[in-house]
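Have a look at the structure below before the remarks.
Protein chains: 2
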Amino acid sequence: MMYVNIDFNSDEAIYIQLRNQIIYGIATSQIQEGDYLPSVRELAEYIGINMHTVNKAYSILKQEGYVKLDRRKGAIIAIDIDKMQAIEDMKEELRVTLAKAICKDVSCQEAIEVVKEIFKEFERG
Amino acid sequence: MMYVNIDFNSDEAIYIQLRNQIIYGIATSQIQEGDYLPSVRELAEYIGINMHTVNKAYSILKQEGYVKLDRRKGAIIAIDIDKMQAIEDMKEELRVTLAKAICKDVSCQEAIEVVKEIFKEFERG
DNA sequence: TATCTGTTATATAAATTATATAACAATCAG
DNA sequence: CTGATTGTTATATAATTTATATAACAGATA
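Heads up: the sequence lines are chains A and B, in that order.
So in my numbering, the last one in the first sequence is 125, and the numbering has no gaps at all.
So in my numbering, the last one in the second sequence is 250, and the numbering has no gaps at all.
See the structure below:
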């Protein structure tokens, strides 16, 4: 079973935290293409949250192209790679993140260093 | 007056959109250190939203170290530069953004290219 | 057949978001 | 001093989002 840790005091919604951690799991190769995720009921009980909260996370992951959902089989990691779209989505998020950084006097080189660090983090997992 | 454009159909809260656009304004040097923002009542009427929604945006900007608020004078751009903190905050956001990108097969070099593009965007504004 | 799957449908409660008034103390122009 | 404007604070209300609780359905499969 994949490592999952929900912070119930976070201002981030539980289903968003869960979605992000599953994406971390994929990015760090803890879970791979073809792997099964726990069923919504199973994972809900394991974490101690409602079935629908897990279902919401799974539905978003499906919509965003990270998993496929099948009856009986459950959720399977299946990345739908639309690189053009992915880069566009990334760019949109980076605009906000980097605008904040620029205001705080962070340079392009410093931002690039952090990007490199994070890529190294994910290569190991 | 700074350019502000709120999308009322967005899933992003109005006060968050407003905060982000003010940060864009600073990052692109449309507004600078020492400049005044419109009063909460003035900007609210201009955009067509409630005074408290603008106040919420200003309060967050204050808390995050982008403005100072004075009675009578209103809100003044005043960047509190804590670079260590800024880089740490940036890193935390980048972890989510880049994890998604990595799942979609985006390389480190491609991410870096996008960072460079955005820095160029902001240099001009 | 019996069980487990995602899915869908309600219902409810809590929290967040946005609005509407109102009032306060500080500030400053006249 | 007067009057007007500022951010600030306090309520109240409505809509939306988030999370939970049950329940039932159809498809898959051991």
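Note that the Cβ used here is the ideal one computed from N, Cα and C, for glycine as well.
In chain order, what residues of the same chain lie with their CB nearer than 6 Å to the CB of residue i, ignoring the 5 residues before and after it?
i	result
L37/A	A75
K187/B	L194
I60/A	R19
A57/A	Y15, L18, R19
Do residue j and residue i have their beta-carbon atoms positioned less than 8 Å apart in this structure?
i	j	result
Q32/A	I77/A	yes
A99/A	M215/B	no
I141/B	C103/A	no
T153/B	F247/B	yes
A236/B	V114/A	no
D105/A	K198/B	no
So, helix, strand or coil for residue i, using DSSP?
i	result
A211/B	helix
A134/A	Beyond the ends of chain A as shown, which are 1 and 125, falls residue 134/A; an answer cannot be given.
I31/A	coil
K73/A	coil
Y140/B	helix
K241/B	helix
K104/A	coil
V129/B	coil
Y36/A	strand
List the whole-angstrom C-beta distance separating residue i from residue j, where the pair is believed to meet the contact cut-off of C-beta under 8 Å.
i	j	result
V221/B	N20/A	6 Å
I255/B	I172/B	Since the first and last residues shown for chain B are 126 and 250, residue 255/B lies out of range.
M176/B	V192/B	Actually they do not touch by this definition, with Cβ atoms about 17 Å apart.
M2/A	G25/A	5 Å
Taking residue i as the query, report the chain B residues whose CB atoms sit under 8 Å from its CB, ordered along the chain.
i	result
F8/A	Neighbours of F8/A on chain B: none; closest Cβ ~19 Å, over 8 Å.
V115/A	L219, L223, C233, A236, I237, V240
K62/A	Within chain B, no residue comes near K62/A; the closest Cβ sits about 14 Å away, beyond 8 Å.
Kindly list the residues whose CB is nearer than 7 Å to the CB of residue i, restricted to its own chain and excluding five residues on each side of it in sequence; keep chain order.
i	result
S232/B	none
A212/B	The question names Ala, but residue 212/B in the sequence shown is Ile. Correct list: empty, nothing qualifies.
I14/A	I6, I49, T53
N180/B	V165
I148/B	Y191
E64/A	none
Note down, in chain order, every chain A residue with its Cβ under 8 Å from the Cβ of residue i.
i	result
T222/B	M90, E93, L94, T97
K208/B	K104, D105, V106
I156/B	The contacting residues do not exist; I156/B stays about 11 Å from chain A at best.
In chain A, which residues lie less than 7 Å from residue i when you measure between Cβ atoms?
i	result
A226/B	A86, M90
E235/B	I87
A152/B	A99, I102, C103
Y191/B	C103
Y149/B	A99
Could you list which residues in chain B have their beta carbon closer than 7 Å to that of residue i, in chain order?
i	result
N20/A	V221
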